[in-house]
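Shown next, in C-alpha cells, is the structure this report addresses.
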Amino acid sequence: MRIKSQQIAALAYFDIFSFPLTRAELDLWAWQGDFVKLPVDSHNGFFYLSGRDQIVLSRRHHYKISYRKIKRALFFTKIFRLLPSVKMVAVCNSLGYFNARLDSDIDLFIIVKPGTIWLTRFWLQSLLKILKARPFDRGKRRDGVCLTFFLSANQLDIKHLSIVEPDVYLHYWSIQLIPIYDAGGYYEKFIQANDYWIKQHLPYYLHYYPHQRLKVLPSKWSWLFVILTVPWWEKFLRKVQMKILPDKLRQLAGRDSRVVLTDNILKFHSEDKRLIYYNLWQSKNYQN
Numbered sequence: 110m111r112i113k114s115q116q117i118a119a120l121a122y123f124d125i126f127s128f129p130l131t132r133a134e135l136d137l138w139a140w141q142g143d144f145v146k147l148p149v150d151s152h153n154g155f156f157y158l159s160g161r162d163q164i165v166l167s168r169r170h171h172y173k174i175s176y177r178k179i180k181r182a183l184f185f186t187k188i189f190r191l192l193p194s195v196k197m198v199a200v201c202n203s204l205g206y207f208n209a210r211l212d213s214d215i216d217l218f219i220i221v222k223p224g225t226i227w228l229t230r231f232w233l234q235s236l237l238k239i240l241k242a243r244p245f246d247r248g249k250r251r252d253g254v255c256l257t258f259f260l261s262a263n264q265l266d267i268k269h270l271s272i273v274e275p276d277v278y279l280h281y282w283s284i285q286l287i288p289i290y291d292a293g294g295y296y297e298k299f300i301q302a303n304d305y306w307i308k309q310h311l312p313y314y315l316h317y318y319p320h321q322r323l324k325v326l327p328s329k330w331s332w333l334f335v336i337l338t339v340p341w342w343e344k345f346l347r348k349v350q351m352k353i354l355p356d357k358l359r360q361l362a363g364r365d366s367r368v369v370l371t372d373n374i375l376k377f378h379s380e381d382k383r384l385i386y387y388n389l390w391q392s393k394n395y396q397n
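Here the sequence shown stands for residues 110 to 397, numbered as in the working numbering.
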C-alpha cells in the first residue's frame, strides 16, 4: 500500500500517543500539509511508523480500558442531564478515540445553555465532590471525572482557542469528541461552527455518532431542577467560584487559551500540553 505524505503526517502525530491507525483512519484523518516521507510498517490491519510494532497490542489494550471508562462517564451523565442547563456532554481527549490508560481521567466537554455556564459548573462540580469522583478527590485511585471545559451554546466556534498555528491537537480533538448526551442537536451545531477551519487541514474527516449503547437520552424529570438554573444563581455562583479559584488559574487566565474564564467559555487547562505535542510532531517532520 502506498502511503501519502498527508497520511504519514497523521501517523507521526498519533505516534506521539502510541496509537497506530487503520486504513480507514489514515484516509479520514490525513493531514493536509507538507510532511516528510517516513518509513511505515503494518500489522493486522494497523499502520505505524517503522520500529513501533508494539503499539498495535497497546491499542487493543487501551480500547478495553477506554470502553470501561466511557461506561462510567455514562453513569455520571445520566445524573448531569437532570440539570436543564446541560445541553451536551461529550467524552474527549484520549478517551475520545479510545486510547485511555489505566490512570487516565475521564475528561468531559460540556455545552450549556447561554447564561448558565457558571451555575452549571458549580452544580456539577459540587455533585462530583459529594460523590468523591473528581481526580484530586480520589488520590491515586483512577477514573476521576474531570470537568475542565465548558462552552456556552452561543459560543461554539473555538478556533480562537488555538495555541499555535496550526494547532494540530485542537483539530484532532474537535473531530474525536464522543457526544454521549445531546439535548437538541448541539453536537451538529458545534461541528458546523468549526467546520470551516477544521477542514483546512482535515478535509476528509467525518462526524462521530456513537452507538445507542453509548448514548444518554434526555430525562423527563429535568423540570424538577429548573430552580437551580434561574438567572439569579449565575451571577452569585460566578462570584463564589472566582473567590475560591486557585491562584495559579487566576494568574494564567487571559494570558493565552490555556485558561479562559468568561461568561461563554470556562477552560481550566493549566497543564495544557498542546505546544509540546506540536513540537514533538514537527520534530518528526525534520528529523531527516
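For glycine and all other residues, C-beta sits at the position ideal for the given N, C-alpha and C.
### Message
Quick check on this structure: which residue in Asn202, Arg177 and His269 has the alpha carbon closest to the alpha carbon of Cys255?
### Response
Your numbering for residue 255 matches position 146 in the sequence shown. Cα-wise, what sits closest to Cys255 is Asn202.
### Message
Quick check: Ile272 and Ser366, are their CB atoms within less than 7 Å of each other?
### Response
On the sequence shown, position 163 is the one that residue 272 refers to. On the sequence shown, position 257 is the one that residue 366 refers to. It is a contact, given that the beta carbons lie within the stated cut-off.
### Task
Go ahead and pull the three-state DSSP assignment for Phe128.
Translated into the one-based positions of the sequence shown, residue 128 becomes position 19. In the structure shown, Phe128 sits in coil (DSSP, three-state: anything other than H, G, I, E or B).
### Task
Return helix, strand or coil for His280, following the three-state DSSP convention.
Along the sequence shown, read from residue 1 onward, the residue named residue 280 stands at position 171. Three-state result, His280: helix.
### Task
Run through the stretch 316-388 for me and flag every whole alpha helix (DSSP H) of 4 or more residues, listed as ranges in chain order.
340-353 and 356-361
### Task
Assign Pro148 to buried or exposed, taking buried as 16 or more other Cβ atoms, counted over all protein chains shown, within 10 Å of its Cβ.
The residue you call residue 148 lines up with position 39 of the sequence shown. Pro148 is exposed by the Cβ-count criterion.
### Query
Which residues in the same chain as Leu323 place their Cβ atom closer than 8 Å to its Cβ, once the five residues preceding and following it in sequence are excluded?
Residue mapping note: residue 323 aligns to position 214 of the sequence shown, counting from 1. Excluding residues up to 5 positions away in sequence, Ile179, Leu183, Ile287 and Ile289 lie with their Cβ nearer than 8 Å to the Cβ of Leu323 in the same chain.
#### Entry: Candidates Gly253, Leu137, Arg177 and Trp232, of which the one nearest Lys241 by Cα
By one-based count along the sequence shown, residue 241 stands at place 132. Nearest of Gly253, Leu137, Arg177 and Trp232 to Lys241, Cα basis: Gly253.
### Message
Tell me the DSSP secondary structure of Tyr313 in three-state form.
### Response
Taking the first residue of the sequence shown as position 1, residue 313 is located at position 204. If DSSP states are grouped into helix, strand and coil, Tyr313 belongs with coil.
### Query
Would the beta-carbon of Pro223 fall within 7 Å of that of Ala199?
Looking up residue 223 in the sequence shown gives position 114. Looking up residue 199 in the sequence shown gives position 90. Result no, Cβ atoms of Pro223 and Ala199 do not sit closer than 7 Å.
### Query
Roughly how many angstroms lie between the CA atoms of Pro327 and Leu191, to the nearest whole one?
Within the sequence shown, the letter at position 218 stands for residue 327. Within the sequence shown, the letter at position 82 stands for residue 191. Computed Cα separation, rounded: 8 Å.
### Alpha-carbon to alpha-carbon, Gln350 and Arg181
Working through the sequence shown from its first residue, we reach residue 181 at position 72. Working through the sequence shown from its first residue, we reach residue 350 at position 241. Computed Cα separation, rounded: 27 Å.
### Task
Check whether the Cβ atoms of Leu166 and Phe259 sit closer than 7 Å, and answer yes or no.
Indexing the sequence shown from 1 puts residue 166 at position 57. Indexing the sequence shown from 1 puts residue 259 at position 150. It is not a contact, given that the beta carbons lie outside the stated cut-off.
### Query
Asp150 by DSSP, collapsed to three states: which one?
The residue you call residue 150 lines up with position 41 of the sequence shown. Strand, per DSSP.
### Task
Pull up the distance between the alpha-carbon of Trp282 and that of Tyr313, whole angstroms please.
The residue given as residue 282 occupies position 173 in the sequence shown. The residue given as residue 313 occupies position 204 in the sequence shown. The straight-line gap from Cα to Cα measures roughly 15 Å.
#### Entry: Below-7 Å beta-carbon distance, Val145 vs any chain E residue
You won't find chain E in this structure, because it holds only one protein chain.
### Task
Identify, in the order they occur along the chain, each residue of the same chain with its Cβ nearer than 7 Å to the Cβ of Phe377, setting aside the five sequence neighbours on each side.
Residue numbering aside, residue 377 sits at position 268 when the sequence shown is read from its first letter. For Phe377, same chain residues with a beta-carbon under 7 Å away, outside a window of 5 residues either side, are Thr257, Leu358 and Val368 in chain order.
### Task
Please classify Arg383: is it buried, with 16 or more other beta-carbons within 10 angstroms of its beta-carbon, or exposed?
Taking the sequence shown and counting its residues from 1, the one referred to as residue 383 is at position 274. Per the 10 Å Cβ criterion, buried.
### Under the three-state DSSP convention, the category Ile287 falls into
In the sequence shown, the residue the question calls residue 287 occupies position 178. Of the three classes helix, strand and coil, the one that applies to Ile287 here is strand, per DSSP.
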